[in-house]
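A.B. asks:
Numbering (full-length UniProt numbering), first residue to last: 1 to 165.
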């Protein structure tokens, strides 16, 4: 069996470095929406040198999550940790549970929503590590009453590579 080659060397030191980060499980979430959704920044594009961004998304009690959309510049992957989550696969809404994984390449139409009345959480990973933090934080501010004009909203979604279908 033949495997693709490893990427180019990115570290050429002799003995390695002490350069790791630990985020404790009990750290408070960075973002909380009015709906009760919380977002934990596990690894941002800034902390991974742009390689990826990894976030824990914990749903609140009410229905929440984006409808069908796509990204031109990033992939997005979903890994369900707990509960039941509805994932849009470009054609249908499918129910996913703990251990289920969905990978969406650039241009792939997708969305996600929680199943009402069930606590749920999942990991979201973006590659490369786009700066999604402003996206999450602005949407949380909107959920608490921040108003955006139609022009501001359109520019916001364009800046964050969100294209609704």
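All residues carry an ideal CB built from backbone N, CA and C; glycine is no exception.
Give, in chain order, every unbroken run of the beta strand (DSSP E) that is at least 3 residues long and sits entirely within the region 5-46.
C.D. replies: Whole beta strand (DSSP E) segments, 3+ residues: 38-43.
A.B. asks: Between which residues of its own chain and residue 50 is the CB-CB distance below 6 Å, once the five residues before and five after are set aside?
C.D. replies: Working through the chain shown from its first residue, we reach residue 50 at position 50. 128 and 129, listed in sequence order.
A.B. asks: Quick check on residue 127: does DSSP put it in helix, strand or coil?
C.D. replies: On the chain shown, position 127 is the one that residue 127 refers to. In the structure shown, residue 127 sits in a strand (DSSP, three-state: E or B).
A.B. asks: Does residue 120 come out as helix, strand or coil in the three-state DSSP assignment?
C.D. replies: As a first step, residue 120 must be located in the chain shown, where it is residue number 120. DSSP places residue 120 in coil when its eight states are reduced to three.
A.B. asks: Rounding to the nearest angstrom, what Cα-Cα distance links residue 106 and residue 159 in this structure?
C.D. replies: Along the chain shown, one-based indexing puts residue 106 at 106. Along the chain shown, one-based indexing puts residue 159 at 159. Straight-line Cα distance between these residues: approximately 16 Å.
A.B. asks: Check each candidate in 7, 35, 126 and 22 and name the one with the smallest Cα separation from residue 72.
C.D. replies: Residue mapping note: residue 72 aligns to position 72 of the chain shown, counting from 1. When only C-alpha atoms are compared, the closest one is 126.
A.B. asks: Between which residues of its own chain and residue 21 is the CB-CB distance below 7 Å, once the five residues before and five after are set aside?
C.D. replies: Within the chain shown, numbered from 1, the residue matching residue 21 stands at position 21. Cβ within range, chain order: 47.
A.B. asks: Compute the distance between the beta-carbons of residue 66 and residue 16, then report whether it is under 8 Å.
C.D. replies: In the chain shown, the residue the question calls residue 66 occupies position 66. In the chain shown, the residue the question calls residue 16 occupies position 16. Going by C-beta atoms, residue 66 is not nearer than 8 Å to residue 16.
A.B. asks: Can you tell me where the beta strand (DSSP E) holding residue 58 begins and where it ends?
C.D. replies: Looking up residue 58 in the chain shown gives position 58. That run of the beta strand (DSSP E) goes 53-58.
A.B. asks: Provide the residue(s) that pair with residue 79 in DSSP beta bridges, ordered along the chain.
C.D. replies: Residue numbering aside, residue 79 sits at position 79 when the chain shown is read from its first letter. For residue 79, which the question treats as bridged, DSSP gives the partners 101 and 123.
A.B. asks: Spatial neighbours of residue 34 within its chain, please: C-beta separation below 6 Å, excluding the five flanking residues on both sides.
C.D. replies: For the purposes of this step, residue 34 is taken as residue 34 along the chain shown, with counting starting at 1. Cβ within range, chain order: 143 and 144.
A.B. asks: Which residue or residues does DSSP assign as beta-bridge partners of residue 114?
C.D. replies: Against the chain shown, residue 114 aligns to sequence position 114. The partner list for residue 114 (beta bridge, DSSP) reads 85.
A.B. asks: Have a look at 149, 56 and 82 and flag the residue whose alpha-carbon is nearest the alpha-carbon of residue 115.
C.D. replies: Counted from its first residue, the chain shown places residue 115 at position 115. Among 149, 56 and 82, the Cα nearest to that of residue 115 belongs to 82.
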